[in-house]
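Residue numbers (my numbering): 877 to 1066.
Here it is as structure tokens:
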């Protein structure tokens, strides 16, 4: 997606240790026009799949998931990182390391929003190590639902996430694929 790559080149900053700051368009501030185009693009890449729900992780995945859900006409569910008092037992829970926060985070989803009849598309902001997405896939498995694919806004291939997800045997799509970040350089795959 060329507009996304252009914006990452113009506004993104390599903070080192594999962290790409794109807060002006995705992680702190959301550009709704760009996000709508991202949602349409992800939805198009999974056209024809029998998707009934989209699953994402709180919080940065919500924007692209919401726009993908709008394009597909399906609801989104986001895995909570903090359990609200309204979330009753039992819940689906998995843990994953957080690259930007440091340490483990727990992802929780109420069974009232995922069932064995669902066909799930996971949508997230980044595919880096793949650990968060794999945790979401395990939640899908706990629910007895079918995982049909993963759509991400940005993939950082140098962190090996796609390989880490290979045991899922699903379609994995990323709109901007970064091969390398060194100094001020952000190098995209062709």
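In this text, a Cβ means the ideal position worked out from N, Cα and C, and glycines have one as well.
Does residue i pass the burial test, meaning 16 or more other C-beta atoms within 10 Å, or should it be called exposed?
{"i": "residue 1037", "result": "buried"}
{"i": "residue 981", "result": "buried"}
{"i": "residue 1012", "result": "buried"}
{"i": "residue 964", "result": "exposed"}
{"i": "residue 1034", "result": "exposed"}
{"i": "residue 979", "result": "exposed"}
{"i": "residue 1058", "result": "exposed"}
{"i": "residue 891", "result": "exposed"}
Which residue's Cα is closest to the Cα of residue i: the options?
{"i": "residue 996", "options": "878, 1045 and 925", "result": "925"}
{"i": "residue 821", "options": "987, 998 and 967", "result": "Examination of residue 821 is not possible in this model, given that the chain is present from 877 through 1066 alone."}
{"i": "residue 918", "options": "961, 1039, 958 and 1025", "result": "1025"}
{"i": "residue 1060", "options": "895, 878, 880 and 879", "result": "895"}
{"i": "residue 1027", "options": "922, 899 and 962", "result": "922"}
{"i": "residue 1054", "options": "962, 1003, 927 and 951", "result": "1003"}
Return the chain-ordered list of same chain residues with a C-beta closer than 7 Å to the C-beta of residue i, the five sequence neighbours on each side being excluded.
{"i": "residue 901", "result": "883, 887, 907 and 910"}
{"i": "residue 936", "result": "902, 903 and 1001"}
{"i": "residue 938", "result": "932 and 954"}
With a threshold of 8 Å, establish whether the CB of residue i neighbours any heavy atom of the ligand SAM.
{"i": "residue 1008", "result": "In the structure shown, the ligand SAM is absent, as is every other ligand, since no ligand is present at all."}
By Cβ distance, which residues of its chain are closer than 8 Å to residue i, with the 5 residues on each side in sequence left out?
{"i": "residue 1144", "result": "Because the chain in this structure spans residues 877 to 1066, residue 1144 falls outside the shown range and cannot be described."}
{"i": "residue 992", "result": "1019, 1020 and 1021"}
Give me whichever residues DSSP pairs with residue i in a beta bridge.
{"i": "residue 953", "result": "931"}
{"i": "residue 890", "result": "896"}
Could you tell me which whole beta strand (DSSP E) segments of length 3 or greater appear in the stretch 960 to 1043?
Listed in chain order, they are 968 to 973, 980 to 985, 995 to 1003 and 1022 to 1032.
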